[in-house]
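*Asks:* Supplied in structure tokens, the structure appears directly below.
Numbering (our numbering), first residue to last: 170 to 356.
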């Protein structure tokens, strides 16, 4: 049990551990901190509960080797997304339950390069989003009960490239030819 830390529940830089069977709860009492935060590493996060942290649930950026996020419950985290992955290597995000990210522009699962398969995504503002050099694929996800079930978010806090709209590549039930963009402008 990792809980009630002032900042991140788990914070990693340049490491690739296996995190399995952990409960990461109610961290970040001194601000908006993620439950699990990783930069320049490729962790495997599985069979864990990441809940009620003040930032988002899982944040992974800078991965140059494949990483895996599977069989986790990520719910009711604060001001960040449920799962956020931005890397130069593919991630597998599968069989997770992601819910409760309801704030303005918050997304259940945000990816750049990932296979997003078999997740149950419910109770978020947007179910899915993309950022960066987009190379994501989707299959077998259950998307229900989100504020905007049929819309995919495009987040501009990283550079964006790749094909955004290919109707054949949009995950079900995302069928609208409208994409919500939420760019961040840094002056």
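C-beta: ideal position from N, C-alpha, C; glycine also. Computed from a predicted model, the values in this text were never measured in an experiment.
#1: For residue 279, count neighbouring C-beta atoms within 10 Å of its own C-beta (all shown protein chains included) and say buried if the count is 16 or more, exposed if not.
#2: Label residue 170 either buried or exposed according to how many other C-beta atoms from any shown protein chain fall within 10 Å of its C-beta, with 16 as the threshold for buried.
#3: Alpha carbon to alpha carbon, what distance is there between residue 301 and residue 138?
#4: Ends of the beta strand (DSSP E) at residue 205?
#5: Is it buried or exposed for residue 251, if we count other Cβ within 10 angstroms and need 16 for buried?
#6: Which word fits residue 223, buried or exposed, when buried means at least 16 other C-beta atoms lie within 10 angstroms of its C-beta?
#7: Within its chain, find whatever has a CB closer than 8 angstroms to the CB of residue 305; leave out the 5 residues flanking it on each side and keep chain order.
#8: Determine the DSSP secondary structure at residue 188, reduced to helix, strand or coil.
#9: For residue 349 and residue 268, what's the separation of their Cα atoms in angstroms?
#10: Give me, in chain order, the residues of the same chain whose beta-carbon lies closer than 6 angstroms to that of residue 198; leave out the 5 immediate sequence neighbours on both sides.
#11: List the DSSP bridge partners of residue 262.
#12: From residue 218 to residue 243, what does the alpha carbon distance come to, in whole angstroms?
#13: Helix or strand or just coil, what does DSSP make of residue 274?
#14: According to DSSP, which residues form a beta bridge with residue 257?
#15: So, under 8 angstroms CB-CB, residue 245 and residue 211 are touching, yes? Tell me the CB distance rounded to an integer number of Å.
#16: Which stretch, first to last residue, makes up the beta strand (DSSP E) that contains residue 298?
#17: Taking the beta strand (DSSP E) that residue 308 belongs to, which residues open and close that run?
#18: So, at 7 angstroms on beta carbons, what are the nonlocal neighbours of residue 184 in its own chain, with the 5 sequence-adjacent residues on each side left out?
#19: I need the DSSP call for residue 172, collapsed to helix, strand or coil.
*Replies:* Once the coordinates are examined:
#1: Residue numbering aside, residue 279 sits at position 110 when the chain shown is read from its first letter. Its Cβ being crowded by 16 or more others within 10 Å, residue 279 is buried.
#2: Along the chain shown, read from residue 1 onward, the residue named residue 170 stands at position 1. Label assigned to residue 170: exposed.
#3: Any question about residue 138 goes unanswered here, given that the chain covers just 170 to 356.
#4: The count along the chain shown starts at 1 and reaches residue 205 at position 36. Note, residue 205: beta strand (DSSP E), 205-208.
#5: Looking up residue 251 in the chain shown gives position 82. Buried, because 16 or more other Cβ atoms sit within 10 Å of the Cβ of residue 251.
#6: Residue numbering aside, residue 223 sits at position 54 when the chain shown is read from its first letter. Residue 223 comes out buried.
#7: For the purposes of this step, residue 305 is taken as residue 136 along the chain shown, with counting starting at 1. Cβ neighbours of residue 305 beyond the five flanking positions: 280, 281, 282, 283, 284, 285, 299.
#8: Stepping through the chain shown from its first residue, residue 188 is reached at position 19. DSSP places residue 188 in strand when its eight states are reduced to three.
#9: Stepping through the chain shown from its first residue, residue 349 is reached at position 180. Stepping through the chain shown from its first residue, residue 268 is reached at position 99. Note that residue 349 has pLDDT 48, beneath the 50 cutoff, so the model's placement of it is unreliable and the number below is only indicative. Straight-line Cα distance between these residues: approximately 19 angstroms.
#10: Stepping through the chain shown from its first residue, residue 198 is reached at position 29. Answer for residue 198: 175, listed in chain order.
#11: The sequence position of residue 262 within the chain shown is 93, counting from 1. In DSSP, residue 262 forms a bridge with 238, 285.
#12: Numbered from 1 along the chain shown, position 49 holds the residue referred to as residue 218. Numbered from 1 along the chain shown, position 74 holds the residue referred to as residue 243. Residue 218 and residue 243: Cα-Cα distance of roughly 6 angstroms.
#13: If you number the chain shown from 1, residue 274 lands on position 105. Reduced to three states, the DSSP call for residue 274 is coil.
#14: Translated into positions along the chain shown, residue 257 becomes position 88. Answer is none; residue 257 lacks a bridge partner.
#15: Taking the first residue of the chain shown as 1, we reach residue 245 at position 76. Taking the first residue of the chain shown as 1, we reach residue 211 at position 42. Contact flag wrong, Cβ pair sits at about 27 angstroms.
#16: Position 129 of the chain shown holds residue 298. 295-299 is the extent of the beta strand (DSSP E) around residue 298.
#17: What you label residue 308 is simply residue 139 of the chain shown in a count that begins at 1. Per DSSP, residue 308 belongs to the beta strand (DSSP E) from 306-308.
#18: As a position in the chain shown, residue 184 is number 15, starting the count at 1. The residues are 210.
#19: In the chain shown, the residue the question calls residue 172 occupies position 3. If DSSP states are grouped into helix, strand and coil, residue 172 belongs with the strands.
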